[in-house]
Amino acid sequence: MTKFEDVRVLIVGLGLIGGSIARGLKRKNPNQKIIACDCNSGQMSAALASKDVDQVCGIDDLPAACAEADLIVVALPPQATATILPSLESSCNERTIITDVASVKGNVVEATEKL
Numbered sequence: 088m089t090k091f092e093d094v095r096v097l098i099v100g101l102g103l104i105g106g107s108i109a110r111g112l113k114r115k116n117p118n119q120k121i122i123a124c125d126c127n128s129g130q131m132s133a134a135l136a137s138k139d140v141d142q143v144c145g146i147d148d149l150p151a152a153c154a155e156a157d158l159i160v161v162a163l164p165p166q167a168t169a170t171i172l173p174s175l176e177s178s179c180n181e182r183t184i185i186t187d188v189a190s191v192k193g194n195v196v197e198a199t200e201k202l
């Protein structure tokens with residue numbers, strides 16, 4: 088069985104929720120590998136500077152980051168989550184877990200039913 092601290096985590100969206108998840112994981116497990124993706128370079132720079140994440144990537148590099156991740160946490164607004172799910176699913180391996188933190192699930196449920 089793999090220890091959770093050995094799980095490679097990709098967080099898509101470094102806003103309040105995604106950033107808090109990264110910070111909490113890193114504080115609990117300092118050796119946890121955390122990759123973050125966000126369209127805001129300032130958010131990514133701040134997360135790197137605070138050592139909340141180990142690596143950042145832009146949207147263009149998201150497929151490669153997905154292939155490396157064991158767990159993907161999507162911390163985007165519901166519509167953006169629904170839009171990005173198909174590309175995440177097609178880029179990760181069959182053992183990767185994808186979860187989201189969207190509070191409203193209508194668009195997200197519709198998108199996952201199409202996968």
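Going by my numbering, the sequence shown opens with residue 88, and the numbers climb by one from there.
All residues carry an ideal CB built from backbone N, CA and C; glycine is no exception.
Please read these numbers as outputs of a predicted model, since none were measured by experiment.
Residue state for residue 142 is assigned as strand, using DSSP reduced to three classes.
Contact between the segment 159-166 and the segment 134-151 is absent: fewer than three C-beta pairs spanning the two stretches fall below 8 Å. According to the DSSP assignment, residue 153 belongs to the alpha helix (DSSP H) that extends over 149-155. Residue state for residue 158 is assigned as strand, using DSSP reduced to three classes. Cβ atoms of residue 158 and residue 134 stay farther apart than 8 Å, at about 17 Å. Residue environment: residue 175 is assigned as buried (16 or more neighbouring CB atoms within 10 Å of its CB, all protein chains considered).
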